[in-house]
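Protein chains in written order, with the working numbering: chain U, 600 to 894; chain C, 320 to 636.
All remarks here apply to the structure that follows.
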């Protein structure tokens, strides 16, 4: 026991290092990051729209008015109406919901699966590592949207498939990051100490190594959220994501871009600006998180 | 050098094989009964079985994969479900159209983004640096169809300086064709600009802080000679890698841009095939897209090893 004791002390070292910097310190530095604050403000606005939007939107998002189709922005319809006479402003407000449900779910699923895979690749290594690395490279060779498209068509589309497919595409990418971080940890003393204490591989991976690779996983999570929003919006635009008549920015653009040449720009411009503001906000947040963690 | 290149080619071939297996699995195994998919839910069971046999989907998976992949290697991608004719000619024509669009986007974005990155690096912290980074950051994070909508409305609808359709009238001159392709190329340019400019900026900043640049400055060379002859040569090496890896994003962007502008390229072909559940066509589209990305990455690696002896020596060891 006396031999193990100092090693066990070393085992705590990485976590103590983090404790010295402090979780509170991390949060304080995040708040001081300007890009994090701006990103959070915009993101917060859209979250409010997603949760309470239906109650403060000026019109019901699905209400058609066939006598007022394609009407330009006016006092009654600040953002105009679409081809079915639906209020564009209301659809933009309520449309925040679908994407803000699907994208975070897919991100969490992909990050969780990728973390488990990456831990196994980095810690167990061997054949598993070689095989999965090859698959990762092949998946990386394809634009994310194409892979998702292929699998959504193959399995038939629904919101659940959308979440699973995007999560599935993200998993190998997250795994690669986690694997690299695990390779840096597994030779450290605290892992050897845990092994000497007789801990099993699963316990070492999830209870010992995982807390020490939390930072890159957190960064990966925020970065992936940006990509998930990008992917959900794009797939909806292509007709393989969120389906009409559910209010959704990507799907609304798909439904109305054919009338742009006729001069009806408001039906697509406002949902487009909404998507742009959301992805930029998420990327500002992940930029802030990455900056604070890496500094 | 030869050892490094052949090792890279070997790895690329393995990746291509894995890719083809993924495409085969997603396109031919996951969807289930192909005969039922073509004939619909009301067709007689015997008819479905007959068609399955004709299509060969009732044979063991390994046999099916071998049949499919050996066909692909001979340039035979099978027959399209929707057009009842060979897939290959459609893919070839579409790939050519996409190549035109992608080439135009590249010709615009490469000099523009390198210039942007270098100018930003020479003015670190000044407003022009901020403008380049904000522009690049938003451009590379916003989906192509979103920036596409904005450029259509600004340049096509309000300023009326560019045609809003990508396809030019048949027999149009080169300049007219180009004119029609500028607007679709813009969203692609926006997406790529950020990454390449960021890399060019980082490389230049690093080079400007190096000892050899200080030496060049101290021996009295003009600023332009220091930057042009000493700094940029080293600074732009990583940029080449980024440009090559961006081919993947470019092709992914093509899918969206071609749909938005109704341009008959490989992206629109893939999306149409997906909508019609035309799996042979879909597989061909995805395979061509994946393969072109791998070739670009390979070309970039070889190019870099030619330019930088350290890479090829490390790789061969």
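All C-beta atoms in this analysis are idealised placements derived from N, C-alpha and C, irrespective of residue type, glycine included.
Can you tell me whether residue 620 (chain C) is helix, strand or coil according to DSSP? Stepping through the second chain from its first residue, residue 620 (chain C) is reached at position 301. If DSSP states are grouped into helix, strand and coil, residue 620 (chain C) belongs with the helices.
Does the beta carbon of residue 635 (chain C) sit closer than 7 Å to a beta carbon anywhere in chain U? Your numbering for residue 635 (chain C) matches position 316 in the second chain. Reliability fails at residue 635 (chain C), whose pLDDT of 48 lies under 50, so the model's placement of it is uncertain and no value is given.
Would you tell me roughly how many angstroms separate the C-alpha atoms of residue 593 (chain C) and residue 847 (chain U), rounded to the nearest one? As a first step, residue 593 (chain C) is located in the second chain; it is residue number 274 there, counting from the start. As a first step, residue 847 (chain U) is located in the first chain; it is residue number 248 there, counting from the start. The straight-line gap from Cα to Cα measures roughly 21 Å.
Local Cβ density within 10 Å of residue 800 (chain U), reported as buried at 16 or more and exposed below that: Counting from one through the first chain, the residue named residue 800 (chain U) turns up at place 201. The residue in question, residue 800 (chain U), is exposed, as its Cβ has fewer than 16 Cβ neighbours within 10 Å.
Taking C-alpha atoms, which residue in C:607, C:615, C:621 lies nearest to residue 392 (chain C)? The count along the second chain starts at 1 and reaches residue 392 (chain C) at position 73. Comparing Cα-Cα distances from residue 392 (chain C) to each of C:607, C:615, C:621, the minimum goes to C:607.
Where residue 497 (chain C) and residue 564 (chain C) are concerned, what is the direct C-alpha to C-alpha distance, given to the nearest angstrom? Your numbering for residue 497 (chain C) matches position 178 in the second chain. Your numbering for residue 564 (chain C) matches position 245 in the second chain. Straight-line spacing of the CA atoms in residue 497 (chain C) and residue 564 (chain C) works out to 25 Å.
Straight-line Cα distance separating residue 374 (chain C) from residue 400 (chain C): Sequence index remark: in the second chain, residue 400 (chain C) carries index 81 (1-based). Sequence index remark: in the second chain, residue 374 (chain C) carries index 55 (1-based). Their Cα atoms are separated by approximately 11 Å.
Hey, quick one: how far does the alpha helix (DSSP H) through residue 375 (chain C) stretch, first residue to last? Along the second chain, read from residue 1 onward, the residue named residue 375 (chain C) stands at position 56. No alpha helix (DSSP H) contains residue 375 (chain C), which DSSP labels as neither H nor E.
Sheet register partners of residue 886 (chain U) (DSSP bridge): As a position in the first chain, residue 886 (chain U) is number 287, starting the count at 1. For residue 886 (chain U), which the question treats as bridged, DSSP gives no partner whatsoever.
Nearest by alpha-carbon distance to residue 763 (chain U): which of U:690, U:775, U:773, U:750 is it? For the purposes of this step, residue 763 (chain U) is taken as the residue at position 164 of the first chain. Answer by Cα proximity: U:750.
Buried or exposed for residue 489 (chain C), please, with buried defined as at least 16 other CB atoms from any protein chain shown within 10 angstroms of its CB. Mapped onto the second chain, residue 489 (chain C) falls at position 170. That one is exposed.
Residue 327 (chain C) - DSSP class collapsed to helix/strand/coil: One-based indexing of the second chain puts residue 327 (chain C) at position 8. Shown here, residue 327 (chain C) sits in a helix according to DSSP, grouped into three states.
Does the Cβ-Cβ distance between residue 587 (chain C) and residue 577 (chain C) come in under 7 Å? Locating residue 587 (chain C) in the second chain gives position 268, where the first residue counts as 1. Locating residue 577 (chain C) in the second chain gives position 258, where the first residue counts as 1. Yes, Cβ-Cβ distance for residue 587 (chain C) and residue 577 (chain C) is below 7 Å.
If you follow the alpha helix (DSSP H) that residue 718 (chain U) is part of, which residue opens it and which one closes it? Taking the first chain and counting its residues from 1, one reaches residue 718 (chain U) at position 119. Run containing residue 718 (chain U): 695 to 722, per the alpha helix (DSSP H) assignment.
With DSSP collapsed to three states, give me the class of residue 770 (chain U). The residue you call residue 770 (chain U) lines up with position 171 of the first chain. In the three-state DSSP reduction, residue 770 (chain U) falls in the helix class (H, G or I).
Using three-state DSSP, classify residue 867 (chain U) as helix, strand or coil. If you number the first chain from 1, residue 867 (chain U) lands on position 268. Helix.
Could you tell me which residues DSSP puts in a beta bridge with residue 680 (chain U)? Taking the first chain and counting its residues from 1, one reaches residue 680 (chain U) at position 81. Within the DSSP bridge table, the entry for residue 680 (chain U) names U:686 as partners.
Kindly indicate if chain A contains any beta-carbon less than 7 Å away from that of residue 609 (chain C). In the structure shown, chain A does not exist; the protein chains are U and C.
So with CB distances below 8 Å, who are the chain C contacts of residue 734 (chain U)? In the first chain, counting from the first residue as 1, residue 734 (chain U) sits at position 135. Ordered by position in chain C, the residues that pass the 8 Å Cβ test against residue 734 (chain U) are 337, 341.
Counting only the same chain and skipping the five closest in sequence on each side, list residues whose C-beta sits under 7 Å from that of residue 532 (chain C). Indexing the second chain from 1 puts residue 532 (chain C) at position 213. If we look at residue 532 (chain C) and ignore the five residues flanking it on each side, its Cβ neighbours are 526, 545, 549, 550.
Can a CB atom of chain U be found closer than 7 Å to the CB of residue 472 (chain C)? Against the second chain, residue 472 (chain C) aligns to sequence position 153. Among the CB atoms of chain U, one or more fall inside 7 Å of the CB of residue 472 (chain C).
Around the Cβ of residue 517 (chain C), are there at least 16 other Cβ atoms within 10 angstroms (buried) or fewer (exposed)? Counting from one through the second chain, the residue named residue 517 (chain C) turns up at place 198. Buried: at least 16 other Cβ atoms inside 10 Å.
Please decide whether residue 742 (chain U) counts as near chain C, where near means a Cβ-Cβ distance under 7 Å. Start at 1 with the first residue of the first chain, and residue 742 (chain U) comes out as number 143. So yes, residue 742 (chain U) belongs to the interface.
Does the beta carbon of residue 618 (chain C) come closer than 7 Å to any beta carbon on chain U? Taking the first residue of the second chain as 1, we reach residue 618 (chain C) at position 299. Not closer than 7 Å to any Cβ of chain U, the Cβ of residue 618 (chain C) fails to qualify, so no.
Buried versus exposed call for residue 499 (chain C) [16 or more other C-beta atoms within 10 Å across all chains shown]: Along the second chain, one-based indexing puts residue 499 (chain C) at 180. It is buried - the Cβ of residue 499 (chain C) has at least 16 other Cβ atoms within 10 Å.
For residue 398 (chain C), three-class secondary structure by DSSP: Locating residue 398 (chain C) in the second chain gives position 79, counting from the first residue. If DSSP states are grouped into helix, strand and coil, residue 398 (chain C) belongs with the strands.
For residue 405 (chain C), which three-state DSSP category applies? Position 86 of the second chain, counted from the start, is the residue given in the question as residue 405 (chain C). When DSSP states are grouped into helix, strand and coil, residue 405 (chain C) belongs to the strand group.
Using a C-beta to C-beta distance shorter than 7 Å, which residues of chain C count as neighbours of residue 833 (chain U)? Position 234 of the first chain, counted from the first residue, corresponds to residue 833 (chain U). Among the residues of chain C, those whose CB is under 7 Å from the CB of residue 833 (chain U) are 462, 464, 575, following chain order.
Keeping to the same chain, check which residues put their C-beta closer than 6 Å to that of residue 735 (chain U); ignore five residues upstream and five downstream. Position 136 of the first chain, counting from 1, holds the residue named residue 735 (chain U). 771, 775.
Starting from residue 749 (chain U) and walking both ways along the alpha helix (DSSP H), at which residues does that stretch end? On the first chain, position 150 is the one that residue 749 (chain U) refers to. Residues 743 to 754.
Cβ of residue 354 (chain C) within 7 Å of any chain U Cβ: Counted from its first residue, the second chain places residue 354 (chain C) at position 35. With its beta carbon at least 7 Å from every one in chain U, residue 354 (chain C) lies outside the interface.
Just how far apart, CA to CA, sit residue 570 (chain C) and residue 796 (chain U)? Here the question's residue 570 (chain C) lines up with position 251 in the second chain. Here the question's residue 796 (chain U) lines up with position 197 in the first chain. Residue 570 (chain C) and residue 796 (chain U): Cα-Cα distance of roughly 51 Å.
State buried or exposed for residue 620 (chain U), treating a residue as buried only when at least 16 other CB atoms are found within 10 Å of its CB. Taking the first chain and counting its residues from 1, one reaches residue 620 (chain U) at position 21. Confidence is the limiting factor: at residue 620 (chain U) the pLDDT is only 47, short of 50, which leaves the residue's position unreliable, though a coordinate-based value still follows. Answer is exposed; the Cβ neighbour count stays below 16.
Which of the three DSSP states is assigned to residue 736 (chain U) in this structure? Residue mapping note: residue 736 (chain U) aligns to position 137 of the first chain, counting from 1. It is helical.
From the DSSP output, in three-state form, read off residue 853 (chain U) for me. As a first step, residue 853 (chain U) must be located in the first chain, where it is residue number 254. Look at residue 853 (chain U) here: in three-state DSSP terms it is helix.
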